[in-house]
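Heads up: the sequence lines are chains U and F, in that order.
Be aware that the first sequence starts at 1, since it is given in the numbering used here, and climbs by one per residue.
Be aware that the second sequence starts at 321, since it is given in the numbering used here, and climbs by one per residue.
Yeah, the Cβ is synthetic: ideal placement off N, Cα and C, and Gly gets one too.
Fair warning: this is a prediction, and the values are worked out from it, not measured in the lab.
Heads up: the structure comes next, in structure tokens.
Number of protein chains: 2
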Amino acid sequence: MDFPAQITAALAQLHYGDEPHTLYEPIRYIMALGGKRIRPLLTLLSAHLFTDELSHVVRPALATEVFHNFTLLHDDLMDQAPLRRGQPTVHEKWNPNVAILSGDVMLVRAYELFFDLEPKSLPLILRRFSQTAAEVCEGQQWDMNFETETQVSIAQYLNMIRLKTAVLLGFCLELGARLGGASDEAAEHLRQFGTDIGLAFQLRDDLLDVYGDAATFGKRVGGDIVSDKKTFLLLTAQAQASPAQQAVLARHIGVPTPDANAKVQAVRAVYDELNIRAQTEQLIESYFQDALQHLARVPVADARKAPLHRLALQLMERES
Amino acid sequence: MDFPAQITAALAQLHYGDEPHTLYEPIRYIMALGGKRIRPLLTLLSAHLFTDELSHVVRPALATEVFHNFTLLHDDLMDQAPLRRGQPTVHEKWNPNVAILSGDVMLVRAYELFFDLEPKSLPLILRRFSQTAAEVCEGQQWDMNFETETQVSIAQYLNMIRLKTAVLLGFCLELGARLGGASDEAAEHLRQFGTDIGLAFQLRDDLLDVYGDAATFGKRVGGDIVSDKKTFLLLTAQAQASPAQQAVLARHIGVPTPDANAKVQAVRAVYDELNIRAQTEQLIESYFQDALQHLARVPVADARKAPLHRLALQLMERES
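Quick look at the structure:
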């Protein structure tokens, strides 16, 4: 079964609404910008652990992708991001009000994609989805709060990325498991598998920002450093820096600079001295191993788990 | 049964979330600003037509109030309104990003208030709620579009207020009816009763803006005229104006003015010459009569309908 092709085809069939065009065209626009469609893929792969009958899983799987794009739409507005996947963001191409309102409708449409489920499984799925949705908003709010806070602990940062990024991946796995007929216990292991993969995935993103290959990363390398973003790398460096290294960081972080390249180089030099790259890779590996342990406890033959295992590995080893 | 007191008490018990405070405090703030709580009241009164057992109706009724306040929060941001019920709006008291994100969580929390319903009634209720929610967004988008459109027909305007205001009142009635055990037909009549009342209610609002008593209206009289809002009154006047009256309107509408009072007086003078007030009252009365016909077709004793009938009358005759 070619799940990615199935997802692409099903997404193309979704009907969000017609009029007013200014409300619905931005939804079609952002959904057409592409992306790896990892979330619905995780849901289908998770369900496929337990059953070959996936027809009822497709629309709920798409709900996770519509929801994810809703968060991108509103986050891009809040972050005043000019581009998304190399194209103008909705608030740039239209205006901020259109971005607010189109996003609101996307959240409604995401909910609607669950309503064909059997009524008896609906309440639990919707409760879990709603809790996840609120947590994703909490993560985004923490992320914005951290921009102006001087003291952010590593624990606070990890909690923020868990909420903002990881819990949705966990939900995607749990959703597929439950719709595939998994036990509560197996669904919970898959949720934790997804959350751990999500944490590792986001840390990998932080790492690529500093140590990625400009040619394959697709974003400007060092962007987090230039924007003073309190990532795991920076917070760890700040926690471990010698007085001399503290001074270097203090000279560059939170200070306007005319020379962004010099800033990136200086901060990266401190990272290198402190082995921040290896430390981050260690934490990624640790989350990945936790994830695999949860997957191992799902009572399904290993051969059946191979595609999900492979995708998790790809997400860890990606260069972009 | 004192429904308003019951609603107030139940609203005070709602728990939206704790941290981050910047996400949840604005929700408690806007919900505490008050308002007439008409939507949950309509739901309870509608359910009470059919049953005295209303315990399962309260939380879904509150969902309509949380949803309504979510729309106010995002609309105030989009309209850049400084005040809501005499207090600073959320985007003013905090900032626009907080308003976006707190609103998003409110929409999620509104959905959650339905999830205790019996699974078998859940899908239809959620479908109807989601359709209504999308329509309310459509109405807001039309309203914003109309600000920059030169040609808006009266039919387009009536469709806009139907979507932006009336369909939610219709949903409140339908929700109560269905949860009270009404037949599909009775639920549909109550939905239409609510929609007609909503249309009349909004037209009454347009009328009060121009002809209300400044002391009781609570908003600045003539605000719609000053802001060139294309209301039923203005669109009707433009459609019926003589060349001389057209010239008066053209001199004032869409033209920046140092003297707002002169503008209000000039436009109102044209309204008076064209009997716009009586025409608007006629249309309100027509919607009200349609509403009553739908209520009459609900197979319940008249005595049982009295409280709902009385509330509808109050909404029509209000001075603020």
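Where does residue i sit, in a helix, a strand or coil, going by DSSP?
i: residue 350(U); result: Here chain U comprises residues numbered 1 to 320, so residue 350(U) is not present and cannot be evaluated.
i: residue 408(F); result: strand
i: residue 253(U); result: coil
i: residue 583(F); result: helix
i: residue 50(U); result: coil
i: residue 9(U); result: helix
i: residue 198(U); result: helix
i: residue 64(U); result: helix
i: residue 376(F); result: coil
i: residue 209(U); result: helix
i: residue 114(U); result: coil
i: residue 127(U); result: helix
i: residue 422(F); result: helix
i: residue 109(U); result: helix
i: residue 291(U); result: helix
i: residue 248(U); result: helix
i: residue 75(U); result: helix
i: residue 275(U); result: coil
i: residue 638(F); result: coil
i: residue 551(F); result: coil
i: residue 223(U); result: helix
i: residue 618(F); result: coil
i: residue 93(U); result: helix
i: residue 627(F); result: helix
i: residue 578(F); result: coil
i: residue 242(U); result: coil
i: residue 439(F); result: coil
Within its chain, find whatever has a CB closer than 7 Å to the CB of residue i; leave out the 5 residues flanking it on each side and keep chain order.
i: residue 360(F); result: 327, 381, 382, 384, 385
i: residue 113(U); result: 59, 60, 62, 63, 66
i: residue 388(F); result: 359, 488
i: residue 85(U); result: 33, 34, 35
i: residue 275(U); result: none
i: residue 507(F); result: 494, 497, 498
If you measure between the beta carbons of residue i and residue j, is that distance less than 9 Å?
i: residue 424(F); j: residue 137(U); result: yes
i: residue 179(U); j: residue 253(U); result: no
i: residue 291(U); j: residue 312(U); result: yes
i: residue 107(U); j: residue 478(F); result: no
i: residue 580(F); j: residue 546(F); result: yes
i: residue 627(F); j: residue 376(F); result: no
i: residue 127(U); j: residue 435(F); result: yes
i: residue 454(F); j: residue 139(U); result: no
i: residue 523(F); j: residue 481(F); result: yes
i: residue 14(U); j: residue 31(U); result: yes
i: residue 486(F); j: residue 527(F); result: no
i: residue 249(U); j: residue 280(U); result: no
i: residue 472(F); j: residue 550(F); result: yes
i: residue 496(F); j: residue 365(F); result: yes
i: residue 20(U); j: residue 461(F); result: yes
i: residue 270(U); j: residue 239(U); result: no
i: residue 390(F); j: residue 516(F); result: no
i: residue 443(F); j: residue 122(U); result: yes
What does a CB cutoff of less than 6 Å around residue i pick up in its chain, not counting 5 residues either side in sequence?
i: residue 509(F); result: 614, 617, 618
i: residue 541(F); result: 532, 534
i: residue 583(F); result: 572, 577
i: residue 81(U); result: 89
i: residue 224(U); result: 209, 231
For residue i, collect the residues of the same chain with a Cβ closer than 8 Å to its Cβ; drop the 5 residues on either side in sequence, then sort them by chain order.
i: residue 419(F); result: 346, 393, 394, 396, 397, 409, 410, 411
i: residue 501(F); result: 370, 371
i: residue 284(U); result: 200, 203, 204, 207, 316
i: residue 24(U); result: 16, 17, 18, 102, 105
i: residue 348(F); result: 336
i: residue 511(F); result: 490, 491, 493, 494, 497
Practice task
Scan the stretch 450-473 of chain F for residues whose Cβ lies nearer than 7 Å to a Cβ of chain U and list them as they occur along the chain.
Solution key: 450, 453, 454, 457, 458, 460, 461, 462, 464, 465
Exercise for the section: Give the residues from the stretch 84-114 of chain U that approach chain F closer than 7 Å (Cβ to any Cβ), ordered along the chain. Expected result: 97, 100, 101, 104, 105, 107, 108, 111, 112
Exercise for the section: Can you check the stretch 142-183 of chain U for any alpha helix (DSSP H) of at least 4 residues that lies completely inside it and give the ranges in chain order? Expected result: Listed in chain order, the complete alpha helix (DSSP H) runs (minimum 4 residues) inside the stretch 142-183 of chain U are 154-161, 167-180.
Problem - Near-chain U residues of the stretch 328-341 of chain F (beta-carbon distance less than 8 Å), N- to C-terminal order - result: 337, 339, 340
Exercise for the section: Entirely within the stretch 11-48 of chain U and at least 4 residues each: give me those alpha helix (DSSP H) ranges in chain order. Expected result: 21-32, 38-48
Practice task
Pull out every residue of the stretch 228-257 of chain U whose Cβ sits closer than 9 Å to any Cβ of chain F, in chain order.
Solution key: Listed by position, the residues of the stretch 228-257 of chain U near chain F (Cβ gap below 9 Å) amount to none.
Problem - chain F contacts from the stretch 164-179 of chain U (Cβ-Cβ distance under 7 Å) - result: Those would be none; no residue qualifies.
Exercise for the section: Residues of the stretch 361-388 of chain F with a CB closer than 7 Å to any CB of chain U: list them in chain order, please. Expected result: none
Practice task
Name, going along the chain, the residues of the stretch 71-82 of chain U whose beta-carbon falls closer than 8 Å to a beta-carbon of chain F.
Solution key: 74, 77, 78
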